[in-house]
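K.L.:
The structure follows.
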Amino acid sequence: MNKNILGIEIGGTKLQLGVGNALSDSLDLDLERRDIVADRGASGILEQIESCGRALLQRNDVSRIGVGFGGPVTPETGCTVTSHQIEGWDDFPLAEWLRKTFDKPVVLGNDCDCAALAEARFGAGQGCDRVFFLTVGTGVGGGFVVDGQLQGKGRPAIAEIGHLRPGLHAADSEMTVESLASGWGISAEVQQRFSGSVTRSLESARRSKEDDQIAADADEEFLSDLLQRCDAAPENLTTKMIAQSAAEGNQVAIKAIDHACRALGWAIGQAITLQAPDVVVIGGGVSLMGEQLFFEPVRKYTDQYVFPPLRDSYKISPVACGETVVVRGAIALGSDS
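In this note's numbering, the protein residues as written are 406 to 742.
If you want it as structure tokens, here you go:
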């Protein structure tokens with residue numbers, strides 16, 4: 406029986422389609438990747454899927470299709486609910502469109518759920534009973550796998566760690582971990598420094614006027630460095646620029662990233678306390694900052710906030726499946742249906 410599956414990742418900035426064997430843990434894929442042009446909306450992405458998909462099907466014998474979509478979905482109906490990055494995906498019958506286009510059975514899932522499945526079966530969660538996955542990039546999303554099976558079937562959402570609200574004051578649905586720990590959250594915090602809207606810290610209030618002036622002068626130098634990196638346009642300051650600056654010792658950038666890691670560590674601590682995973686696997690663009698800037702502080706803050714009896718019961722690891730993690734998960738999802 407043919408076990409080749411076409412896996413599709415539909416994100417906010419990239420589209421990936423790959424064919425792989427559902428029974429193999431090999432990461433070798435026949436892969437097509439395209440950049441997404443946001444202005445073309447969902448229709449532009451569908452054109453890319455049709456073109457890439459037909460090319461892959463000409464080269465490979467495929468039995469079915471699995472999809473990891475970058476937003477909430479309704480697997481039972483095969484519809485996307487919405488995308489927070491690309492217009493045109495509201496209540497779109499994606500599974501039906503794919504069936505008609507490629508004449509193959511289709512199963513639809515969320516991209517984070519697919520990535521969680523891939524890491525549990527082929528990646529950093531191999532051999533673990535309970536795997537919690539989160540991606541930290543433009544947003545913060547999660548997925549949870551127990552005994553190799555995705556959790557949350559039939560529910561609108563599960564493991565959405567980015568939408569936890571840190572503190573009783575966070576009454577608004579926008580006051581989330583995602584707003585603090587995502588890439589745009591880090592950029593927004595640094596951008597606030599240019600407008601002077603960041604509240605003065607307690608430590609600075611305790612300093613003498615002379616010490617306070619020294620600190621202000623140092624901050625001005627660090628802010629000047631950040632301005633140079635974005636050509637004096639703070640609105641164009643990216644998380645990558647901030648990370649590069651932090652790696653070179655910019656204290657404003659270091660503090661912004663540390664604040665994001667603290668929020669994320671708090672959220673992971675809550676997830677571990679509730680679900681007791683063996684491993685927490687973290688992917689996404691922000692995690693590419695590496696050990697010193699990202700993973701070390703995240704581990705430190707998770708240890709601070711987790712239920713103490715669980716402190717030595719888990720590990721926090723980067724993804725092992727790399728950039729194809731969602732495609733690999735979509736292939737696994739397709740093989741399960």
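Think of the CB as a built atom: it goes at the ideal place given N, C-alpha and C, for glycine as much as any other residue.
1) Grouping DSSP H, G and I as helix and E and B as strand, with all else coil, what is R667?
2) Among residues of its own chain, excluding the 5 on either side of T487, which ones have a beta-carbon nearer than 7 Å to its beta-carbon?
3) Would you report the Cα separation of C484 and V691, rounded to the nearest angstrom?
4) Select from R504, G544, V541 and G553 the residue whose C-alpha is nearest the C-alpha of G528.
5) Identify which residue in P498, G449, V545 and L522 has its Cα closest to the Cα of T729.
6) Between the region 701–717 and the region 512–526, are three or more C-beta pairs nearer than 8 Å?
7) My understanding is that G588 touches G542, with C-beta atoms under 8 Å, so please give their C-beta distance in whole angstroms.
8) According to the neighbour-count rule (16 or more other Cβ atoms, all chains shown, within 10 Å of its Cβ), is G532 buried or exposed?
9) Could you pull the DSSP bridge partners for S722 from this structure?
10) Terminal residues of the continuous alpha helix (DSSP H) containing K705?
11) Count the other CB atoms, across all protein chains shown, that sit within 10 Å of the CB of A735; report buried if there are 16 or more and exposed otherwise.
12) Pull up the distance between the alpha-carbon of I413 and that of G423, whole angstroms please.
13) Please confirm whether L569 and A668 have their CB atoms less than 7 Å apart.
14) For L451, which option in I410, F507, A427 and S468 has the closest C-alpha, if you only look at C-alpha atoms?
15) Within a Cβ cutoff of 7 Å, which residues of the same chain sit near I563, ignoring the five residues on either side of it in sequence?
16) Pick out whichever of F497, A652 and R464 has its Cα sitting closest to the Cα of S448.
17) Assuming G473 and V731 are in contact, meaning their beta carbons sit under 8 Å apart, how far apart are those beta carbons, in whole angstroms?
18) Cβ atoms of A672 and V582: under 7 Å apart, would you say?
19) Which residues in the same chain as V442 place their Cβ atom closer than 8 Å to its Cβ, once the five residues preceding and following it in sequence are excluded?
20) Taking only three categories from DSSP, how would you classify L607?
21) What did DSSP end up calling D636 once you bin it into helix, strand or coil?
22) Using only the alpha-carbon positions, how far apart do V703 and G572 sit?
23) Name the DSSP bridge partner or partners of N641?
24) Looking only at its own chain, which residues have a Cβ that is under 8 Å from the Cβ of T644, when we skip the five neighbours before and after it?
25) I need the DSSP call for I470, collapsed to helix, strand or coil.
26) Q596: which of R560, A576, A637 and E579 sits nearest, CA to CA?
27) List the residues that DSSP assigns as beta-bridge partners of Q421.
28) Which value, in whole angstroms, describes the spacing of the CA atoms of A575 and I566?
P.N.:
On the basis of the supplied data:
1) Helix, per DSSP.
2) By the criterion of a C-beta distance shorter than 7 Å, T487 is surrounded in its chain by G476, P477, W494 and D495, once the five residues flanking it on both sides are discounted.
3) When only Cα atoms are considered, C484 and V691 end up about 29 Å apart.
4) Measuring from the Cα of G528, the nearest candidate turns out to be G553.
5) Of the listed residues, the one whose Cα sits closest to T729 is L522.
6) With the cut-off at 8 Å, the region 701–717 and the region 512–526 do not touch.
7) G588 to G542, Cβ: 6 Å. Contact.
8) Answer is exposed; the Cβ neighbour count stays below 16.
9) In the DSSP output, where bridge partners are listed per residue, S722 has V686.
10) Element bounds for K705: E701 to Y710.
11) A735 should be labelled buried.
12) Answer to the nearest angstrom: the Cα atoms are 7 Å apart.
13) Taking the C-beta atoms as reference points, A668 is found no nearer than 7 Å to L569.
14) Relative to the Cα of L451, the nearest Cα in the group I410, F507, A427 and S468 belongs to F507.
15) For I563, where only same-chain residues beyond five positions count, the Cβ hits under 7 Å are F549, Q556 and G557.
16) If we check each option's Cα against that of S448, F497 comes out closest.
17) The C-beta distance from G473 to V731 rounds to 4 Å, short enough to fall under 8 Å.
18) In contact: V582 and A672 (Cβ atoms closer than 7 Å).
19) For V442, the CB contacts under 8 Å within the same chain, skipping 5 residues up- and downstream, are G449 in chain order.
20) Summary for L607: the model assigns pLDDT 38, below 50, so the residue's position carries little reliability, and this model does not support an answer.
21) D636: coil per DSSP, three-state reduction.
22) In a straight line, the C-alpha of V703 is about 18 Å away from that of G572.
23) Its beta-bridge partners do not exist; DSSP assigns none.
24) Closer than 8 Å at the Cβ level, and outside the excluded window around T644, lie G588, W589, I591, S592, G690 and V691.
25) If DSSP states are grouped into helix, strand and coil, I470 belongs with the strands.
26) Taking the Cα of Q596 as reference, the smallest distance to any Cα among R560, A576, A637 and E579 is reached at A637.
27) Partner residues in the beta bridge of Q421, as assigned by DSSP, are E414 and R438.
28) In a straight line, the C-alpha of A575 is about 15 Å away from that of I566.
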